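According to my numbering, the sequence shown is numbered sequentially starting from 1432.
Don't be surprised by glycine CBs; every beta carbon is placed ideally from N, CA and C.
Note that this is a predicted model, so its numbers are computed, not measured.
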Amino acid sequence: MPASAVWRIIITLFRFGLAIVILWALIHFKIIDLVAVSHLWMKPGELSLATLCLLAGIFVAAQRWRLLLKVQGVEVRYGPVCRLVGFTTLAGMILPGATSGEALKVLWVMRSVPGARVPAVLSIIMDKIIALLAIIFTGALAALLDLDALTHNPALRVFVLSLWAVVAGVVLGVVGLVLLRHWRVMDRFPRDGQGRLYRLFRQMVDVIRAYLDVPGTLVQAFGLALICCLLMVAGVTLLADTVEAAILTPPQYAMGLVAGMLANLLPLTPGGIGVGESSFGYVCDLLDTGSGAAYGSVFLAFRLASILALLPFLLAIPEVNLIETEKP
1432 MPASAVWRII
1442 ITLFRFGLAI
1452 VILWALIHFK
1462 IIDLVAVSHL
1472 WMKPGELSLA
1482 TLCLLAGIFV
1492 AAQRWRLLLK
1502 VQGVEVRYGP
1512 VCRLVGFTTL
1522 AGMILPGATS
1532 GEALKVLWVM
1542 RSVPGARVPA
1552 VLSIIMDKII
1562 ALLAIIFTGA
1572 LAALLDLDAL
1582 THNPALRVFV
1592 LSLWAVVAGV
1602 VLGVVGLVLL
1612 RHWRVMDRFP
1622 RDGQGRLYRL
1632 FRQMVDVIRA
1642 YLDVPGTLVQ
1652 AFGLALICCL
1662 LMVAGVTLLA
1672 DTVEAAILTP
1682 PQYAMGLVAG
1692 MLANLLPLTP
1702 GGIGVGESSF
1712 GYVCDLLDTG
1722 SGAAYGSVFL
1732 AFRLASILAL
1742 LPFLLAIPEV
1752 NLIETEKP
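Take a look at the structure:
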């Protein structure tokens, strides 16, 4: 067996082991209450509504990526894209690494869109960036609805200011790119450059320029990403009631959700399990210092409901020939 394969196995086992240790610690220190999580199945109404919210988010996310693909001249049918997004999202939640689902998406794109591989792959990156920015913006905006908590808690204030710093940095970056496009700086790169790396760089420049030429589509994609975030906040709020932790307000749960989702990106455990629960519970504890509720249980319930919402996509595993491109 090659040394690289051995190391992959070791790292995978380490991540699963770390997830078990983190979950044990969260249960031991009562950040997660398994008894409360078991109540999730005793309230089928709230669980069903939360699951539907999370499922609807997949349908919206599929349309968002479809819009970004269309900008690059890649026309795809909604059904296959929706199945692909649902399946890869589920894979990202249960496979080791934060980008497992995106890697599968790239693999399908590389095999099914041979004529526009670089633009299609970069559309995945753009989609991921937009989704991440929408999550950060949701948390920053939610903080404005609970300014009292920020004034009384320095740690929470630093967290929220960091979110707003990212939002401000992105706005400045977008303005800078728009100015570069307006001054036609991107048009000055020669198309007949030598070397594979230069041709790849030129393709990346063309992709960025194509997105800058359709700001309305980018705004629409960001709006769809915000809808996904609102659906997730609604799902978390509903699930908080099922695990007997409905003490915080939806904006407060939104701040906790942002912390949990950002922590999930760390490639420490499969799907970020345990890490997301820790961050969500920490922020919620900062917002509520008196009840002693096991807020990590809410995020664990959110994770379980997300998997439940995505299970139907196992019955519709996307095939390469399901993604049919059309000439624009």
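Pair within 7 Å by beta-carbon distance, residue i and residue j
i: I1462; j: A1725; result: yes
i: A1574; j: A1736; result: no
i: L1718; j: A1580; result: yes
i: D1558; j: L1498; result: no
i: E1708; j: L1688; result: no
i: T1519; j: K1501; result: no
i: G1727; j: G1712; result: yes
i: G1666; j: L1478; result: no
Simplified DSSP assignment, three categories, for residue i
i: E1675; result: coil
i: G1626; result: coil
i: W1496; result: helix
i: R1542; result: helix
i: V1664; result: helix
i: N1752; result: In this predicted model, N1752 has a pLDDT of only 48, less than 50, meaning its place in the structure is not dependable enough to derive any value.
i: I1489; result: helix
i: D1558; result: helix
i: F1460; result: coil
i: I1704; result: coil
i: V1468; result: helix
Distance between residue j and residue i (C-alpha atoms, nearest Å)
i: A1596; j: T1569; result: 13 Å
i: A1522; j: G1532; result: 5 Å
i: V1609; j: V1602; result: 11 Å
i: F1632; j: P1698; result: 28 Å
i: L1662; j: R1734; result: 14 Å
i: L1655; j: V1491; result: 6 Å
i: G1546; j: G1517; result: 24 Å
i: I1738; j: F1744; result: 10 Å
i: G1600; j: G1723; result: 36 Å
i: E1506; j: H1583; result: 51 Å
i: A1434; j: T1443; result: 14 Å
i: L1679; j: C1715; result: 8 Å
i: A1450; j: G1626; result: 44 Å
i: L1578; j: V1664; result: 19 Å
i: Y1684; j: A1571; result: 12 Å
i: D1637; j: L1471; result: 49 Å
i: V1706; j: R1615; result: 44 Å
i: A1529; j: L1594; result: At A1529, the pLDDT of 47 sits below 50, so the modelled position is not reliable; the number obtained from the coordinates is stated separately. Going from the Cα of A1529 to the Cα of L1594 covers about 20 Å.
i: G1448; j: G1647; result: 46 Å
i: L1538; j: G1721; result: 48 Å
i: I1704; j: Y1629; result: 40 Å
i: P1475; j: V1589; result: 38 Å
i: G1607; j: L1457; result: 44 Å
i: R1548; j: D1672; result: 45 Å
i: A1694; j: Q1634; result: 32 Å
i: A1534; j: G1691; result: 22 Å
i: A1467; j: P1550; result: 46 Å
i: L1651; j: F1460; result: What sits at residue 1651 in the sequence shown is Gln, not Leu. About 43 Å.
i: L1746; j: F1653; result: 30 Å
Best match in the options for proximity to residue i [C-alpha to C-alpha]
i: L1741; options: L1471, V1468 and A1487; result: A1487
i: V1729; options: D1464, L1535, N1584 and M1557; result: D1464
i: V1552; options: V1540, I1561, L1563 and I1560; result: V1540
i: I1561; options: E1675, L1731, C1659 and I1525; result: C1659
i: F1445; options: G1707, L1611, T1700 and Q1503; result: T1700
i: G1504; options: G1666, S1479, L1696 and Y1642; result: Y1642
i: L1564; options: P1550, V1605, T1519 and R1548; result: V1605
i: V1591; options: I1567, M1692, R1612 and A1467; result: I1567
i: P1511; options: I1525, L1483 and S1543; result: S1543
i: P1412; options: N1695, D1672, G1691 and T1668; result: Here the chain comprises residues numbered 1432 to 1759, so residue 1412 is not present and cannot be evaluated.
i: M1473; options: G1703, E1675, G1712 and T1720; result: E1675
i: A1493; options: E1477, S1469, R1640 and S1554; result: S1554
i: M1524; options: D1644, L1696, R1640 and L1457; result: L1696
i: H1613; options: R1588, V1589 and D1644; result: D1644
i: W1496; options: R1514, C1484 and L1483; result: R1514
i: I1639; options: I1556, G1691 and R1588; result: I1556
i: L1483; options: L1670, M1686, V1437 and L1746; result: L1670
i: L1576; options: M1686, W1438, R1439 and S1469; result: M1686
Minimum Cβ-Cβ distance from residue i to chain B less than 7 Å
i: I1658; result: In the displayed structure, chain B is absent; only one protein chain is listed.
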